[in-house]
Structures are given as structure tokens and as C-alpha cells.
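**Q** Let me begin by handing over the structure; questions about it come next.
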Amino acid sequence: MTSSKRPFYRLVVFSSFLFALLSDQVLKLFVSQRVPVTINTGISFGWLSGNVVVLGLIVIYIAFFEFSCRYWHKPYPFASGLVLGGALSNIIDRIVIGGVRDFLPVPFLGIQNNLADWWIVLGLAWILYQTTFRGTKQTES
């Protein structure tokens with residue numbers, strides 16, 4: 004990446020990060036004052052609830068994956084920002100209330116999640132799609 008593209012890359016990462024973080028936290032605050040929410044101690048979509056060792060390993064793996072995408076595959080700044088913002092929003096919930104606030108029902112699966120889970124899934128899906136079908140040298144569009 005040329006030095007002239009670095010500021011733009013950082014702006015896109017920061018903007019999508021801030022969007023994902025704030026949209027999730029504001030929605031969680033709004034919803035939790037109006038309807039019952041589930042406190043999820045597992046990962047996205049309620050998986051591995053209460054399994055601390057497996058959860059820790061998965062978090063480490065995701066952190067490593069995001070690090071590698073951010074520093075070795077820089078053509079995905081928007082997707083990287085969504086993943087980082089969604090992850091930080093859920094980490095804030097874990098630190099502040101001991102679990103993640105879930106309130107969005109997933110049809111046919113009988114589980115709930117939150118907006119941050121969807122930002123993470125969408126960001127990772129975009130990176131996976133780009134690296135699988137378009138190659139790692141393509142730029143994010």
C-alpha cells in the first residue's frame with residue numbers, strides 16, 4: 004500500500020469501526036430499556052455459552068485472523084472496521100454487564116443475537132468472499 008493511500012485506508016477502517024460500535028451500543032441501550040434482552044455469556048448467536056476455555060481459544064483465533072487481515076491483506080478496510088467495531092461492542096458488554104445483550108431473534112434457529120454479531124459476520128463474510136472468489140489483491144468496493 005502506498006503512503007498516499009494509508010490515510011484513506013485508516014479513515015475507512017475508523018469510520019466503519021465507529022459506525023459498527025456506536026450503532027450496536029445505541030441500539031442495545033434503546034432496546035434494553037423497552038423489551039427484555041437475553042444476557043449471552045457465549046459467542047455469536049449464543050453458541051458455546053458458559054464454555055470459557057473454548058470461548059477463549061476462539062477469541063484468540065479471531066483476534067489473530069483480524070490482525071492478519073488488517074496487516075497482511077489491507078484491501079478490506081470497511082470489512083475490517085465492521086469486525087473490529089462489532090467485536091469491541093460485545094467486549095464492552097462483557098466487561099460492563101458480564102455478558103452480551105442479545106435481542107434480535109433469528110428465525111427457525113430459536114436463538115437471539117445483536118447488531119454487533121451481524122457486523123462481525125458481514126465483515127468476515129466479505130473478507131472470505133473477496134479472498135476466495137476475487138483473490139487477495141482485489142480492492143474493496
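Numbering (my numbering), first residue to last: 4 to 144. Backbone N, C-alpha and C define an ideal beta-carbon position, used for all residues, glycine too. All values reported here derive from a predicted model rather than from experimental measurement.
#1: Using 8 Å as the threshold, is the stretch 128-138 in touch with the stretch 98-114, meaning 3 or more CB pairs across them?
#2: Alpha carbon to alpha carbon, what distance is there between G84 and T44?
#3: Drop a sphere of 10 angstroms on the beta-carbon of G113, count the other beta-carbons inside from all chains shown, and report buried for 16 or more, exposed for fewer.
#4: Check T44 in the structure and name its three-state DSSP category.
#5: May I ask which residues mark the beginning and end of the beta strand (DSSP E) holding P80?
#6: What whole-angstrom Cβ distance do A66 and S92 have, given they're in contact under 8 Å?
#7: DSSP beta-bridge partners for D105?
#8: Which two residues bound the contiguous alpha helix (DSSP H) that contains L127?
#9: Exposed or buried, which one is F20 when buried takes at least 16 other CB atoms within 10 Å?
**A** In terms of the structure at hand:
#1: no
#2: 24 Å
#3: exposed
#4: coil
#5: Unbroken run through P80 is the alpha helix (DSSP H), P80 to I100; no beta strand (DSSP E).
#6: Actually they do not touch by this definition, with Cβ atoms about 15 Å apart.
#7: T41
#8: L118 to Y132
#9: buried
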